[in-house]
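There are 2 protein chains.
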Amino acid sequence: MTPPPSSDAPGGRPLRADARRNRIRILTAAEAVFAEKGPDASTEEVAARAGVAIGTVFRHFPTKDDLLAAIMKDLRQRLAEQADQLSENGDPATALFTFFTSLVEQAAATRTVVDLLARTGNEIEPGGPIRELEQALSRLLIRAQQAGAIRPQIRVTEVIALLTAACQGVLSGAWSEDLRHRTLEIIFNGMRVNSATHNTPQD
Amino acid sequence: MTPPPSSDAPGGRPLRADARRNRIRILTAAEAVFAEKGPDASTEEVAARAGVAIGTVFRHFPTKDDLLAAIMKDLRQRLAEQADQLSENGDPATALFTFFTSLVEQAAATRTVVDLLARTGNEIEPGGPIRELEQALSRLLIRAQQAGAIRPQIRVTEVIALLTAACQGVLSGAWSEDLRHRTLEIIFNGMRVNSATHNTPQD
DNA sequence: TGACAACATGAGTGGAGACTCATATTTTGC
DNA sequence: GCAAAATATGAGTCTCCACTCATGTTGTCA
């Protein structure tokens, strides 16, 4: 269902053949394990799934966090591509909502998506690596706003916030498909132009 | 800022004076520690904060989970009261939105609120103890719907889902106050009657 | 006030998981 | 084929944490 992870040579000279092969095995295993059990899954489990000794995992990724980061990078690229593909054709608002829905759907099946988005909020350093996703989302949003379907005052930041929130929620709450639809519908309604313009309490 | 936790005699006969005092100390400490560091904080830290030996904590709460549960119970009651108080006066829609906002605000400062809501989604056993909060929220919602301010097809479940999501999001993303307002505004807009009635993609 | 039950203490146990390192194996350039 | 370098192995270390228990202390009630 997902393409094999990039074998991404690290800094220095080219990897030995077996090393390159193991690196891919480890990334693939980690992707599966973390998607299933979340970032608290043990490195040992990843090693077992990859058919590799624990030491090998730590040779390729000196820290568990490095391993997590590598996976996030792949995921981020995949999602950004997905967004760009959607923004190329079809109704702009539909494209945005479809992407949004798709992400939440993936989050329901895959913890990694949630963890990625959770990190997105924190790593707002300019030029940070997460920007690709943000920019792809931005293109979707702006196109929908130019088409007059989405309220113009909404910024990418809010969309990301809502996306993060929805994905987190879908994870922690074990939402049914019906609940997911109804909840997203409310959020989408809040983004459409023909919504009210009332103010929040005490504003 | 928060009232002392209920001293809640456990099952059997009345507690000895020192035991009753320690129980309260432990609950107070646990409330502070878990609010600050989340449910992963160590029991040892709670004991230290309470000025009590680790064994004493485990005498009162045989399991770390029992301690967590006791705190959640207090929190739940406090929040439900807060909701009921709001539902007694003022504009119905404003009351709902104020409660919503207040919860998110508290979540930004206190991890326990998030953890409580996360549990709310899962413990849907009928007659479960979390129902108090759900019912209080329900009263707020229905009143606002009867006033014609909130779309009638929205159910409590969706509101809880949105609430959970927003609180989770505010925790994981470190949202600024501005972002919090703008994001909640979108959600509230989606709940108001004069919103669009479009459908989600592929519906 | 004494005696006993209730309670407090905190060093200790067991388990889990991140990370290391001495040793064995494999790849590669010659 | 053959070193030498790169890599793989996995038992072992270290740290953290939930939970226990033998021993000491305190409240209560007659």
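Protein chains in written order, with UniProt numbering: chain A, 1 to 203; chain B, 1 to 203. No residue lacks a Cβ here, since even glycine has one placed at the ideal position from N, Cα and C.
task: Ignore the nearest five residues each way along the sequence and tell me which others in residue 83 of chain A's own chain have a CB closer than 8 angstroms to its CB.
output: Result list for residue 83 of chain A: 99, 133, 136, 137, 139 and 140, in chain order.
- prompt: Does any residue of chain A bring its CB to less than 8 angstroms from the CB of residue 88 of chain B?
  reply: Not one beta carbon of chain A lies nearer than 8 angstroms to the beta carbon of residue 88 of chain B.
query: With 16 other CB atoms within 10 Å as the buried threshold, where does residue 153 of chain A fall?
result: Within a 10 Å sphere around the beta-carbon of residue 153 of chain A sit fewer than 16 other beta-carbons, which makes this residue exposed.
- prompt: What did DSSP end up calling residue 192 of chain B once you bin it into helix, strand or coil?
  reply: Collapsing the DSSP output to three states places residue 192 of chain B in a strand.
query: Roughly how many angstroms separate the alpha carbons of residue 93 of chain A and residue 81 of chain A, rounded to a whole number?
result: Roughly 18 angstroms separates the two Cα atoms.
field: Residues bridged to residue 150 of chain B [DSSP beta-bridge criterion]
entry: Residue pairing of residue 150 of chain B in beta bridges, as defined by DSSP: B:192.
field: DSSP three-state assignment for residue 110 of chain A, whether helix, strand or coil
entry: Residue state for residue 110 of chain A is assigned as coil, using DSSP reduced to three classes.
- prompt: When you compare only the Cα positions, how much space is there between residue 89 of chain A and residue 23 of chain A?
  reply: Just so you know, the alpha carbons of residue 89 of chain A and residue 23 of chain A end up roughly 37 angstroms apart.
- request: Using the Cα positions of residue 216 of chain B and residue 66 of chain A, report the straight-line distance between them to the nearest angstrom.
  value: Outside the shown range of chain B (1 to 203) lies residue 216 of chain B, about which nothing can therefore be said.
query: Out of curiosity, what's the CA-to-CA distance linking residue 150 of chain B and residue 159 of chain A?
result: Roughly 22 angstroms separates the two Cα atoms.
message: Let me see if you follow: with CB-CB separation under 8 angstroms, is residue 38 of chain A close to chain B or not?
response: Chain B contact via Cβ: absent.
task: Go to residue 169 of chain A, then tell me how far its alpha helix (DSSP H) extends in each direction, as first and last residue.
output: For residue 169 of chain A, the uninterrupted alpha helix (DSSP H) run begins and ends at 156-173, by DSSP.
task: Can you tell me the Cβ-Cβ gap for residue 179 of chain A and residue 118 of chain B, rounded? I've got them flagged as a contact below 8 angstroms.
output: Contact doesn't hold; Cβ gap of about 15 angstroms is too wide.
message: Would residue 131 of chain A and residue 87 of chain A qualify as a contact pair, given that the criterion is a beta-carbon distance under 8 angstroms?
response: Not in contact: residue 131 of chain A and residue 87 of chain A (Cβ atoms no closer than 8 angstroms).
message: For a cutoff of 8 angstroms on Cβ pairs, would you count residue 168 of chain B as touching chain A?
response: Yes, residue 168 of chain B counts as interfacial toward chain A.
Same chain only: Cβ atoms within 6 angstroms of residue 202 of chain A, ignoring 5 sequence neighbours per side: Summary for residue 202 of chain A: the model assigns pLDDT 37, below 50, so the residue's position carries little reliability; its value from the coordinates is reported in the next sentence. So the list is empty, once near-sequence residues are dropped.
message: By the three-class DSSP mapping on this structure, what secondary structure does residue 25 of chain A have?
response: Three-state DSSP puts residue 25 of chain A in a helix.
task: Decide if residue 111 of chain B is buried, meaning its Cβ has at least 16 other Cβ atoms within 10 Å, or exposed.
output: With at least 16 other beta carbons inside 10 angstroms of its own, residue 111 of chain B counts as buried.
message: Below 7 angstroms on C-beta distance, what does residue 157 of chain B contact in chain A?
response: Ordered by position in chain A, the residues that pass the 7 angstroms Cβ test against residue 157 of chain B are 179.
- request: Determine whether the Cβ of residue 125 of chain A lies closer than 8 angstroms to any Cβ atom of chain B.
  value: The predicted position of residue 125 of chain A is uncertain, since its pLDDT is 47 and thus under 50; a value taken from the coordinates is nonetheless stated next. Not an interface residue.
The region 68-86 of chain A: positions lying closer than 8 angstroms to chain B by Cβ: Listed in chain order, the positions of the region 68-86 of chain A with a beta carbon within less than 8 angstroms of a beta carbon of chain B would be empty, since no residue qualifies.
field: Burial state of residue 169 of chain A (16 or more Cβ within 10 Å)
entry: Burial call: buried.
message: Could you compute how far the alpha carbon of residue 73 of chain B sits from the alpha carbon of residue 113 of chain A?
response: Rounded to whole angstroms, residue 73 of chain B to residue 113 of chain A spans 31 angstroms at the Cα level.
field: Cut-off 7 angstroms between Cβ atoms - residues of its own chain near residue 70 of chain B, not counting five sequence neighbours on either side
entry: Closer than 7 angstroms at Cβ, skipping near neighbours: 27 and 61.
query: Could you give the C-beta distance for residue 39 of chain B and residue 115 of chain B, rounded to a whole number, given that I count them as a contact under 8 angstroms?
result: Confirmed, about 5 angstroms.
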